[in-house]
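These protein sequence lines map, in sequence, to chains L and B.
Residues 4 to 209 (the numbering used here) make up the first sequence, in order.
Residues 1402 to 1512 (the numbering used here) make up the second sequence, in order.
Cβ coordinates follow ideal geometry from the N, Cα and C atoms, glycine included.
This structure is a prediction, so every number in the text was calculated from the model and none was measured.
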Amino acid sequence: MKSLEPPSGPTWLLNRFGHRNDTLTGDLIEEYNQGRSVAWYWGQVLVAIVADFGKEVRVHKVLALRAIAVGWAALYVLLRVVENPWWPFYYRKLLPRGLNPSPIWWQYYYLYPALLIPCIFAGASGWLVGRCHRAHREAMVLIYLVSVQLWLFCQGGGFRLMEDVLGNRRFLPYLLSWVANFIFISIAILLGGLWGASRKRAILSN
Amino acid sequence: MTKRDYLGNFELIVMLALMRLREDAYGVPISREIEERIGRVVALASVYATLERLESKGLVSSELGEPTPERGGRAKKYFHITAKGLREVRQTRQALTKLWKRLPQLEGGVT
Chain L
4 MKSLEPPSGP TWLLNRFGHR NDTLTGDLIE EYNQGRSVAW YWGQVLVAIV ADFGKEVRVH
64 KVLALRAIAV GWAALYVLLR VVENPWWPFY YRKLLPRGLN PSPIWWQYYY LYPALLIPCI
124 FAGASGWLVG RCHRAHREAM VLIYLVSVQL WLFCQGGGFR LMEDVLGNRR FLPYLLSWVA
184 NFIFISIAIL LGGLWGASRK RAILSN
Chain B
1402 MTKRDYLGNF ELIVMLALMR LREDAYGVPI SREIEERIGR VVALASVYAT LERLESKGLV
1462 SSELGEPTPE RGGRAKKYFH ITAKGLREVR QTRQALTKLW KRLPQLEGGV T
């Protein structure tokens, strides 16, 4: 028989994003201790989170639309007001030093600060979505995150870059750069959205 | 009768599992019963989602058990079929039986 402690990562995710957490977590721990694999445990937790997320969005369609609107409005304002002037200013400072702004930012240390700005704004927009939807914070932050990810994938160049890489491998660094941005922005939205969220709500719901 | 009045396929499976398990019907045995009897691997979350839906329709009731150490101190949630639920299962069985009987190519057991 295995130890009583199942993998902590998925259990944390379930407690954070799941709504039936205590009963379902108890069932999962019981099954895990009876010989189920770690992969099975992860799979069950991910299905539970997706099912809860889908249910929340189905039940609160208007709130979900509002969350997307609030997040995008915040992101748009921040990008227009702060980021648009910031980039030319940053580049003007770099160019006299002979430093070339490159889309393959991860190869050039001096571009790291510039990349922080979109992440901070993404986090701020996620935070606003979370604050405006405290009762359904996790689901609303997730639906906003999904909308941003879809936009990044379709309009932000992800799909085109994947096609380019399939045709010519020299585009691979650009795709890696895009994937890193995608991951950082997603993490920023999640961290911002869940900032200050109490775990008690999910636990008390059972 | 509208379409919504009938039990769905998975709802009926869960209800039948509840009837077989009687007093010991909580998440783990229900999913095991379904896996063993019909060979269908189910996610516990799907079982709970279905049970919640059945409970909201008044077909199933639930009660919390005592927390146990083998479950990390978490309580079991036991589910019981209600009288309304039992009626619903019978009606669904009758409806399905009538439909099966009107399929001539299946009467001899040929699928």
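Residue contact with chain L for B:P1505: absent (no Cβ-Cβ distance below 9 Å to any residue of chain L).
Short of 8 Å from the beta carbon of B:R1454, and not among the five residues preceding or following it, lie these beta carbons of its own chain, in chain order: E1412.
In the DSSP annotation of this structure, the continuous segment of the beta strand (DSSP E) that includes B:L1465 starts and ends at 1461–1469.
In terms of Cβ geometry, L:D55 and B:G1428 do not form a close pair [threshold 9 Å]. For L:V50, the chain B residues whose Cβ falls inside 9 Å of its Cβ are A1444, L1445, A1446, S1447, in order along the chain.
Within chain B, not a single residue places a beta-carbon under 8 Å from that of L:D167; the smallest gap is close to 37 Å. Here L:K64 carries a helix assignment [DSSP, helix/strand/coil]. Between L:M143 and L:L81, the gap from beta carbon to beta carbon reaches 9 Å or more. Taking 9 Å as the CB threshold, L:K64 stays off the interface with chain B. Classified as exposed, L:Y112 has fewer than 16 neighbouring CB atoms from the shown chains inside 10 Å of its CB.
Three or more Cβ pairs closer than 8 Å define a contact, and the region 128–147 of chain L meets that threshold against the region 188–199 of chain L.
Contacts between B:G1440 and chain L, judged by CB atoms closer than 9 Å, are missing: the closest CB pair is about 17 Å apart.
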